[in-house]
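Protein chains: 2
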Amino acid sequence: MKNFYSQFDFQSELLFEALTTDEKNAVYASMESLTIKKGSLLFYEEGVPTGIFQIKKGKVKKFKRGFSGTEQIFYIYTPGDVFGYHALFGEERYQDSCEALEDLEVNFIAKDIFFQLLQVIPALQQTFIKNIGHEFGVLANIIAVLAQKNLNARLAINLLILENRFEKHSKAGGIDLTREDLANIIGTSAESLGRSLKQFKDEGIIEVDKRVIYIKNKEQLLQLLSNKES
Amino acid sequence: MKNFYSQFDFQSELLFEALTTDEKNAVYASMESLTIKKGSLLFYEEGVPTGIFQIKKGKVKKFKRGFSGTEQIFYIYTPGDVFGYHALFGEERYQDSCEALEDLEVNFIAKDIFFQLLQVIPALQQTFIKNIGHEFGVLANIIAVLAQKNLNARLAINLLILENRFEKHSKAGGIDLTREDLANIIGTSAESLGRSLKQFKDEGIIEVDKRVIYIKNKEQLLQLLSNKES
DNA sequence: TATAAAACATAACATTTGTTAAGTTTTTAA
DNA sequence: TTAAAAACTTAACAAATGTTATGTTTTATA
Chain A
1 MKNFYSQFDF QSELLFEALT TDEKNAVYAS MESLTIKKGS LLFYEEGVPT GIFQIKKGKV
61 KKFKRGFSGT EQIFYIYTPG DVFGYHALFG EERYQDSCEA LEDLEVNFIA KDIFFQLLQV
121 IPALQQTFIK NIGHEFGVLA NIIAVLAQKN LNARLAINLL ILENRFEKHS KAGGIDLTRE
181 DLANIIGTSA ESLGRSLKQF KDEGIIEVDK RVIYIKNKEQ LLQLLSNKES
Chain B
1 MKNFYSQFDF QSELLFEALT TDEKNAVYAS MESLTIKKGS LLFYEEGVPT GIFQIKKGKV
61 KKFKRGFSGT EQIFYIYTPG DVFGYHALFG EERYQDSCEA LEDLEVNFIA KDIFFQLLQV
121 IPALQQTFIK NIGHEFGVLA NIIAVLAQKN LNARLAINLL ILENRFEKHS KAGGIDLTRE
181 DLANIIGTSA ESLGRSLKQF KDEGIIEVDK RVIYIKNKEQ LLQLLSNKES
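Protein chains in written order, with the working numbering: chain A, 1 to 230; chain B, 1 to 230.
Shown next as structure tokens:
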């Protein structure tokens, strides 16, 4: 099997890493810095694309609303991640919404400037398209998890994924999300999520301080997956 | 809300439709015809990409294997659909597998020839990338359904989607899939699927002949969705 | 066409998950 | 700093789904 985490990671923080120093400088020179308040939308479903974002500080949730209006979160972006480019490559409207989970500092590249960059740096388009292909596979993996795994297994997988993604950006580690948001990632209600979290606490797999979840026994979480859990 | 069906449809049968007559002729001249036996793989996860396919006759399932080895089907292709191009746009390996559900007639464009076509027809790359963006939104919608809807609602949605997709290609309509495959689409066991099908039969929503499912009351299915079903 | 294998239908029981409710803690904003 | 709002925890009960088992029908193949 491929690396566990890369199966669930968009890896969009690597998009500019393959460039030469000169190219990278050109990209970063095109950016403007923005500050965005917690709870604000960076963009929303059906909105007209304005440009692409890279997070400097803070976290962002990407979600879609189902028929019943429930928010389905399918990704959490962290510092370094680049996003908002799908809609620029041909689509007219955004397919999903992005909201700041905390006060945010981002770099922004306006649409027109981004297209100029694509002209100047031929490698760039290829890199983005390649990443969209990778992201397609990530969504397919998320589908498989949601369709095949029971609640505890879904929680275990997502705790591993989120801790791995968050620990790069905070010394203490730990998963700091509202129960509502976490429930909207793993596909359950906040109450059922609470029950599973309690089980994990009682078994010593996790510890919780305020609302922050710390993984204490990674092996036991991994074991939950290899079991024939449905 | 956007058109219900387009939210769940890759619409890859339209990829060549935007081209001029000359361009279209060039594309079709590049194709070779293949016959593929029921049960064979057109390509498989981690395999090296060989080219792209368009179905002339028959159906194909696209799936991924989860950790436990269970097959998660996330799309059924029908005649006219084009697929297998994600991996060509930058990725080295296929991200998923495609298997013939019946004896198949397909048109095939080999990788090198496809790249030549992209050179000759500039509009083509844009069209493909645009469609990949659309497909991304489709997967996000599938995620929302799997995460938020109960079994009966998931079945209802997928019956509507599949009937709509199949009716274009057979006079009689009807959904002809093994219970196992249908269960692997909606994320349940064949037995639980059977129970829901029986409920739908008892309520007169569907009729079943051999294994083929016919929708008798589309309104009632649509109503299942608008309800506050979880 | 006969036979074996695969697929299907159904029911009973076990387990998981959803829902409602009530009390507590934490965060927000005046 | 404090009052109000939001978020969280937990438990009991209801409903949905998973699992096991058995018999039947359909399909594939010799």
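For every residue, glycine included, the Cβ atom is placed at its ideal position computed from N, Cα and C. Bear in mind that the values here come from a model prediction, so they are computed numbers and not experimental data.
Asked	Found
For residue 162/B, does the count of other Cβ atoms within 10 angstroms reach 16, so buried, or fall short, so exposed?	buried
From the DSSP output, which residues share a beta bridge with residue 62/A?	75/A, 98/A
Measuring alpha carbon to alpha carbon, tell me which of 208/A, 107/A, 214/A ends up nearest residue 34/A.	107/A
Comparing alpha-carbon positions, which option in 135/A, 122/A, 140/A, 187/A lies nearest residue 232/A?	Outside the modelled stretch of chain A, which goes from 1 to 230, sits residue 232/A, for which no answer is possible.
By a C-beta neighbour count over all protein chains shown, 10 Å radius and 16 as the cutoff for buried, is residue 193/B buried or exposed?	buried
What three-state label does DSSP hand residue 54/A in the structure shown?	strand
From residue 154/B to residue 146/B, what distance separates their C-alpha atoms?	7 angstroms
By the 10 Å Cβ neighbour count, where 16 or more other Cβ atoms means buried, how is residue 196/A classified, buried or exposed?	buried
Tell me the start and end of each unbroken beta strand (DSSP E) in the region 133-159 of chain B that is at least 3 residues and wholly inside, in chain order.	none
Which whole-angstrom value describes the C-beta separation of residue 117/A and residue 26/A, a residue pair presumed to lie in contact below a C-beta threshold of 8 angstroms?	7 angstroms
Which one or two residues does DSSP pair with residue 214/B in a beta bridge?	207/B
So, for residue 212/A: in the same chain, excluding its five sequence neighbours on each side, which residues have a beta-carbon less than 6 angstroms away from its beta-carbon?	174, 176
Where residue 171/B and residue 44/B are concerned, what is the direct C-alpha to C-alpha distance, given to the nearest angstrom?	32 angstroms
Using a Cβ cut-off of 8 angstroms (strictly closer), state whether residue 87/A contacts chain B.	yes
If we cut at 8 angstroms on Cβ distances, does residue 123/B have a partner in chain A?	no
Could you check whether the Cβ of residue 11/A sits closer than 8 angstroms to any Cβ belonging to chain B?	no
Given 8 angstroms as the limit, is there contact between the region 205-223 of chain A and the region 73-87 of chain B, that is, 3 or more CB pairs closer than that?	no
On the DSSP bridge list, what partners appear for residue 110/B?	51/B
Can you list, in chain order, the residues of its chain whose CB lies under 6 angstroms from that of residue 230/B, leaving out five sequence neighbours each side?	Since pLDDT at residue 230/B reaches only 47, below the 50 mark, its modelled position is unreliable, and the value read off the structure follows with that caveat. These residues qualify, in order along the chain: 150.
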